[in-house]
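In the UniProt record's numbering, the protein residues as written are 1 to 259.
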């Protein structure tokens, strides 16, 4: 609130100090502008889709942890202290990995932050450049944002330059697209179609690294699954042994009673 008051105080002082000169003030509606930029909608859709997938991955891992906790709780009576400690450590590792995954996806410098920077910032830059260009050409002293936290009690539509900004962005995109198209044509003419030996070597090295990393991940997962299956088998064997002992004791008792 203090910032808003100071901002408007600054405008009033500026107007007062330049009483001889009429101040030109325009405004935009950033939300309206972004809603009318198809690339922004596409960017938001991509971000939302990614966020949903990441959240599903987190929830899947959470369910796996809860399942392991429930299994451990049910089997504790049949497990040795050593096995209990080992399973608890496995769960702790998974919980630590889950926290790391959450930070990777949604942390301060996580994937979501960088994805927004990658997809949304270029669009925001287009808007800011268009506003600056229009303000310079039309000699505006101030351009405010109606959709921001600033309090604008009344606005005259004739000072709204939002549609001008949208038109300016559309023209800029067409110009950029035309330049990129021409650049691609020139590149296709001058560059050989076949990749040179050095480029092929780089691709080969990159593919080898990817394959090695994929194998490492698969081997690690296979080892974890094997260990988990061995633990389950050990638990089941111990349970079966216990059942047999109980049955044997029961039969021995019945035989003794019959005699």
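For every residue, glycine included, the Cβ atom is placed at its ideal position computed from N, Cα and C.
Taking 8 Å as the cut-off, the beta carbon of residue 168 is found closer than this to the beta carbon of residue 130.
Beta-bridge pairing by DSSP links residue 145 to 28. Excluding its 5 nearest sequence neighbours in each direction, residue 141 has C-beta neighbours in its own chain below 6 Å: 23, 24, listed in chain order. Judged by pairs of C-beta atoms under 8 Å, the stretch 22-41 touches the stretch 143-152, as three or more such pairs exist.
Taking 8 Å as the cut-off, the beta carbon of residue 115 is found closer than this to the beta carbon of residue 47. By the beta-carbon neighbour count (other beta carbons within 10 angstroms, threshold 16), residue 178 is exposed.
Taken atom to atom, the span from the alpha-carbon of residue 148 to that of residue 32 is near 12 Å. By the 16-neighbour rule on beta-carbons within 10 angstroms, residue 127 is buried.
Following the DSSP letters along the chain, one finds residue 91 inside the alpha helix (DSSP H) bounded by residues 81-106. The Cβ atoms of residue 83 and residue 225 lie no closer than 8 Å to each other. Contact between residue 54 and residue 111 holds, since their C-beta atoms are separated by about 7 Å, short of 8 Å. In the DSSP annotation of this structure, the continuous segment of the alpha helix (DSSP H) that includes residue 206 starts and ends at 197-258. Bounds of any alpha helix (DSSP H) do not take in residue 139, whose DSSP letter is neither H nor E. For residue 22, there is no enclosing alpha helix (DSSP H), as DSSP marks it with neither H nor E. Cβ-Cβ separation between residue 79 and residue 217: approximately 30 Å, too far for a contact (criterion under 8 Å). With a contact defined as Cβ atoms closer than 8 Å, residue 91 and residue 65 qualify at about 6 Å. Distance from the CA atom of residue 243 to the CA atom of residue 68, rounded to whole angstroms, is 23 Å. With a threshold of 16 other beta carbon atoms within 10 Å, residue 151 falls short and is exposed.
Secondary structure note for residue 52: its alpha helix (DSSP H) is the uninterrupted segment 38-75.
The residues 72, in chain order, have a CB closer than 6 Å to that of residue 87 in the same chain once the five nearest residues on each side in sequence are set aside. When 34, 211, 133, 98 are compared, the shortest CA-CA separation from residue 60 is found for 98. The Cβ atoms of residue 123 and residue 212 do not sit closer than 8 Å to each other. Per DSSP, residue 111 is one residue of the alpha helix (DSSP H) stretching across 111-119. Judged by their CB atoms, residue 166 and residue 36 are nearer to each other than the 8 Å cut-off.
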